[in-house]
Amino acid sequence: MKENIFENVKKEKPLIHCITNYVTVNDVANIILAAGASPIMADDSKEVEEITSICTSLLINMGTLNKRTVESMILAGKYANKLNHPVVLDPVGVGASSFRVETVEKLLKEVKFSVIRGNISEIKAVFNGTGAVMGVDASEADALTKENLEAVIAMARTLAKQTHAVIVISGAVDLVVGKEHGYLVSNGHPMMSQITGAGCMLNGVIASFIGANQDRVLDATTMAVSIMGYCGEMAASRAEGTSSFRMHLIDAMSQMTKEAFEKGCKIESIF
Amino acid sequence: MKENIFENVKKEKPLIHCITNYVTVNDVANIILAAGASPIMADDSKEVEEITSICTSLLINMGTLNKRTVESMILAGKYANKLNHPVVLDPVGVGASSFRVETVEKLLKEVKFSVIRGNISEIKAVFNGTGAVMGVDASEADALTKENLEAVIAMARTLAKQTHAVIVISGAVDLVVGKEHGYLVSNGHPMMSQITGAGCMLNGVIASFIGANQDRVLDATTMAVSIMGYCGEMAASRAEGTSSFRMHLIDAMSQMTKEAFEKGCKIESIF
Amino acid sequence: MKENIFENVKKEKPLIHCITNYVTVNDVANIILAAGASPIMADDSKEVEEITSICTSLLINMGTLNKRTVESMILAGKYANKLNHPVVLDPVGVGASSFRVETVEKLLKEVKFSVIRGNISEIKAVFNGTGAVMGVDASEADALTKENLEAVIAMARTLAKQTHAVIVISGAVDLVVGKEHGYLVSNGHPMMSQITGAGCMLNGVIASFIGANQDRVLDATTMAVSIMGYCGEMAASRAEGTSSFRMHLIDAMSQMTKEAFEKGCKIESIF
Chain C
5 MKENIFENVK KEKPLIHCIT NYVTVNDVAN IILAAGASPI MADDSKEVEE
55 ITSICTSLLI NMGTLNKRTV ESMILAGKYA NKLNHPVVLD PVGVGASSFR
105 VETVEKLLKE VKFSVIRGNI SEIKAVFNGT GAVMGVDASE ADALTKENLE
155 AVIAMARTLA KQTHAVIVIS GAVDLVVGKE HGYLVSNGHP MMSQITGAGC
205 MLNGVIASFI GANQDRVLDA TTMAVSIMGY CGEMAASRAE GTSSFRMHLI
255 DAMSQMTKEA FEKGCKIESI F
Chain Y
5 MKENIFENVK KEKPLIHCIT NYVTVNDVAN IILAAGASPI MADDSKEVEE
55 ITSICTSLLI NMGTLNKRTV ESMILAGKYA NKLNHPVVLD PVGVGASSFR
105 VETVEKLLKE VKFSVIRGNI SEIKAVFNGT GAVMGVDASE ADALTKENLE
155 AVIAMARTLA KQTHAVIVIS GAVDLVVGKE HGYLVSNGHP MMSQITGAGC
205 MLNGVIASFI GANQDRVLDA TTMAVSIMGY CGEMAASRAE GTSSFRMHLI
255 DAMSQMTKEA FEKGCKIESI F
Chain U
5 MKENIFENVK KEKPLIHCIT NYVTVNDVAN IILAAGASPI MADDSKEVEE
55 ITSICTSLLI NMGTLNKRTV ESMILAGKYA NKLNHPVVLD PVGVGASSFR
105 VETVEKLLKE VKFSVIRGNI SEIKAVFNGT GAVMGVDASE ADALTKENLE
155 AVIAMARTLA KQTHAVIVIS GAVDLVVGKE HGYLVSNGHP MMSQITGAGC
205 MLNGVIASFI GANQDRVLDA TTMAVSIMGY CGEMAASRAE GTSSFRMHLI
255 DAMSQMTKEA FEKGCKIESI F
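Protein chains in written order, with my numbering: chain C, 5 to 275; chain Y, 5 to 275; chain U, 5 to 275.
In structure tokens, the structure reads:
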């Protein structure tokens, strides 16, 4: 599955339109550059369609949501769909407020996403918005364990079928689940949850990878999840605390080679 | 005074709702995580009450103020009061514009704060908004000196009595002043004023410490001020410039142990 | 040309009002501090005039533009003109949307700028907005080469005459062009284009340098361009990736001495 996916990002240098939160936006821009792509951040309704039209992918992140940017997300998302650009959604904190629940429902109704990424609680909240019924083991899961793995995979696959998106569930291990195939990625390090933005940065890397590999969204997403986790492992071995961890994480992405990544990536097929 | 305050943050992992400026928001989120707590940044009026209700503390920072977020600050602050959550105010640059003066007056009228933190000019501007009369020595102070120390303490104590908040004045030394007791904290390093965000980050640490120690706001605030200064001292000994100083500061917070902190903290009782 | 320009920044500590994008705002604030000046970020129309009045220079950056901040930019710009404060414009991505084209036209009509800085495409888009006719070699340029250098200089000089601003074109080498004189700066490193914000940070350094040297805008701008590039060279020699490069860049600015800079700067007069 890996062939050329990493190299295509460096070669194509896709331009990624990001409508993302103001907390981690700088890290998102820098990791996109480190991966070999280019970021454009633009969120005003007066220009998001034009900006999206000159880009390759669109990334929508619901952190620090506000009424003004929700309108822009929908405009940009619909226009990206019209142009057949891949669109990534991160439903940040979707369970935390009814404004976020409404927004994610509106987004799913108006925009077709290529990838939806979140932690298990966020993905479950998105699932619940679809009205489908979740197995008990998945509905009780607030972390991925051996015991609930099968049930969570089934939930993700149902969501993938309903939304036509690849579903990524980030955690101690990561699941990347499409309609026909799914992968378990074992890269990563606990320090990734001790900084803000590891998930947001991963969104940027996914948008870059699928932007340069538009006919292989599932594979490119899986590779993006794996490379991000592998950079986390490398950063953890050098970090002297959480802030130097963050720096080494982006450094590792910028220095990554095809050879090193192929040795380091831990991907297994689950169906 | 110190017993368990530091450990409680790690144990309780309080969730901190931050309505803060977009300049230093990433550092604030990362230092909250480094201290052992968790940040949520959300500033839209449609959701700030719900977000505050799932959190432990609320932090309001007036940097990059705008009309939209002022409304959110008041909604969130009132709701946090209703739920008895501690609320921290940083009246950033309050003397710099009449918009900021009006905002701080509105906030003080509508919201009860647990802690108000600023530099001496900001705290004096807040004091002036209360209409009380300040001693000449304090009114002329633009830095804390041996000569004006007593006058500034008296001003802070009057403000503490009027607002029922703990008053923190940050400077070369820091004052933490309640109605009944006050402390002088001698930790810190001049490099803290050569980066943006040292004060904003301190707000986050204070909100984390009082969130996990709600019955000991004065003591927890004092400890937060001391630990932040101590991390500054450690960072200065490793820094090769201001940006690596910032990294080492957050690293130090993330690696801090109870034992190291107890050796390093420099707190003295002043009344 | 160099006399005292660098030292004046440290001595005067000019206060810089920045209306800038939320992607790189933290880096802009930190590099302004590292250069010896002080930043204030404030973008609400209710206060931008007052904030500008207590500052030395104004910096307007069009990244992450929105309707609310465009109004603030114009209010602040006009007021800075009234007070004779130098104003820097970065027309970020001006070619990318009609909203940006309209905004730059409105800004140029309403506000007199001291410095306009961008990459070659951005400066050409600004030029086109003036209705003047560009030579073919310049109009085809998307990077500065030996072949198009003369044509690009001529374009920049025409723009300098029309706007009364110093024009800075950032690239592999940088041009700093006034009505009467122009300079080529050969400092810099390719890694500067692998992080977000190198240009935004340069704006901050320019605003600091001209704030402290208001009667020598062309020379101070040239020095700012050179010092930023020189810090990039120093950072590249220490970096282990793009994120540590960013850190070393700001570190280098904060540690820069007059002596080191005089050895390192590479400025040549072009007319």
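The beta-carbon is built from N, C-alpha and C at its ideal position, and this holds for glycine as well. Small disclaimer: the values here were computed from a predicted structure and weren't measured.
Could you tell me how far apart the beta carbons of residue i and residue j are, in whole angstroms, since I believe they sit closer than 8 Å?
i, j, result
"residue 234 of chain Y", "residue 269 of chain Y", "6 Å"
"residue 148 of chain C", "residue 173 of chain C", "7 Å"
"residue 213 of chain U", "residue 167 of chain U", "Residue 213 of chain U to residue 167 of chain U, Cβ: 19 Å. No contact."
"residue 107 of chain Y", "residue 66 of chain Y", "6 Å"
"residue 95 of chain Y", "residue 60 of chain Y", "With a Cβ gap of about 22 Å, residue 95 of chain Y and residue 60 of chain Y do not count as contacting."
"residue 13 of chain U", "residue 39 of chain U", "6 Å"
"residue 98 of chain U", "residue 74 of chain U", "Residue 98 of chain U to residue 74 of chain U, Cβ: 13 Å. No contact."
"residue 225 of chain Y", "residue 210 of chain Y", "5 Å"
"residue 248 of chain U", "residue 255 of chain C", "5 Å"
"residue 78 of chain U", "residue 110 of chain U", "7 Å"
"residue 217 of chain C", "residue 9 of chain C", "5 Å"
"residue 266 of chain Y", "residue 6 of chain Y", "7 Å"
"residue 120 of chain U", "residue 169 of chain U", "5 Å"
Start and end of the beta strand (DSSP E) containing residue i?
i, result
"residue 21 of chain Y", "19 to 23"
"residue 253 of chain U", "Here residue 253 of chain U belongs to no beta strand (DSSP E); instead the alpha helix (DSSP H) covers 246 to 259."
"residue 189 of chain Y", "186 to 189"
Between which two residues does the alpha helix (DSSP H) harbouring residue i extend?
i, result
"residue 44 of chain Y", "Counting along the chain, residue 44 of chain Y falls outside any alpha helix (DSSP H), though it belongs to the beta strand (DSSP E) covering 42 to 45."
"residue 273 of chain Y", "Taken as a continuous stretch (DSSP letters only), residue 273 of chain Y belongs to no alpha helix (DSSP H), being part of the beta strand (DSSP E) at 271 to 273."
"residue 26 of chain Y", "Segment: none, residue 26 of chain Y is in no alpha helix (DSSP H) and carries neither H nor E."
"residue 55 of chain U", "52 to 57"
"residue 236 of chain Y", "221 to 240"
"residue 73 of chain Y", "71 to 86"
"residue 210 of chain C", "202 to 215"
"residue 107 of chain C", "102 to 114"
"residue 197 of chain Y", "Unbroken run through residue 197 of chain Y: none, as it is neither H nor E."
"residue 276 of chain C", "Since the first and last residues shown for chain C are 5 and 275, residue 276 of chain C lies out of range."
"residue 268 of chain Y", "262 to 268"
"residue 13 of chain U", "9 to 16"
Tell me, which residues are paired with residue i by DSSP?
i, result
"residue 94 of chain C", "C/65"
"residue 171 of chain Y", "Y/120, Y/181"
By alpha-carbon positions, which one of the options ends up nearest to residue i?
i, options, result
"residue 92 of chain C", "C/246, C/30, C/34, C/222", "C/222"
"residue 251 of chain U", "U/11, U/23, U/31", "U/31"
"residue 135 of chain C", "C/207, C/154, C/163", "C/163"
"residue 253 of chain Y", "C/265, C/25, C/254, C/244", "C/244"
"residue 64 of chain U", "U/41, U/176, U/26", "U/26"
"residue 49 of chain Y", "Y/70, Y/41, Y/124", "Y/70"
"residue 180 of chain Y", "Y/21, Y/80, Y/271, Y/36", "Y/271"
"residue 177 of chain U", "U/41, U/16, U/230", "U/230"
"residue 193 of chain C", "C/182, C/185, C/242, C/154", "C/242"
"residue 101 of chain U", "C/165, C/22, C/55", "C/55"
"residue 28 of chain U", "U/259, U/208, U/220, U/219", "U/208"
"residue 227 of chain Y", "Y/239, Y/21, Y/206", "Y/206"
"residue 51 of chain Y", "Y/143, Y/88, Y/240, Y/21", "Y/21"
"residue 264 of chain Y", "Y/237, Y/133, Y/196, Y/161", "Y/237"
"residue 87 of chain U", "U/151, U/62, U/46", "U/62"
"residue 276 of chain C", "C/257, C/190, C/146, C/188", "The structure shown has nothing for residue 276 of chain C, since chain C only spans 5 to 275."
"residue 191 of chain Y", "Y/170, Y/219, Y/232, Y/202", "Y/232"
"residue 259 of chain C", "U/257, U/239, U/198, U/262", "U/198"
"residue 68 of chain C", "C/103, C/273, C/89", "C/103"
"residue 273 of chain C", "C/240, C/154, C/187, C/246", "C/187"
(Q) By the 8 Å beta-carbon criterion, what residues does the stretch 28 to 59 of chain U contribute toward chain Y? (A) For the stretch 28 to 59 of chain U, the set of positions with a beta-carbon nearer than 8 Å to some beta-carbon of chain Y reads 29, 30, 33, 34, 37, 38, 43, 44, 45, 46, 47, 48, 50, 51, 54, 55, 58 in chain order.
Q. Listed in chain order, which residues of the stretch 237 to 268 of chain C have Cβ atoms closer than 7 Å to some Cβ of chain U?
A. Residues of the stretch 237 to 268 of chain C with a C-beta less than 7 Å from any C-beta of chain U: 251, 254, 255, 256, 258, 259, listed in chain order.
Q) Listed in chain order, which residues of the stretch 177 to 208 of chain Y have Cβ atoms closer than 7 Å to some Cβ of chain U? A) Those residues of the stretch 177 to 208 of chain Y that come within reach of chain U (Cβ to Cβ, closer than 7 Å) are 198, 199, 200.
Q. What residues in the stretch 98 to 120 of chain Y have a beta carbon less than 8 Å from any beta carbon of chain U?
A. Correct list: 100, 101, 102, 103, 104.
Q | Residues from the stretch 74 to 98 of chain C in contact with chain U, defined by Cβ distance under 8 Å | A | When C-beta distances to chain U are compared with 8 Å, every residue of the stretch 74 to 98 of chain C stays at or above that value.
Q | Near-chain U residues of the stretch 61 to 72 of chain Y - C-beta to any C-beta below 9 Å | A | 67, 68, 69, 70, 71, 72: these are the residues of the stretch 61 to 72 of chain Y whose beta carbon lies less than 9 Å from some beta carbon of chain U, given in chain order.
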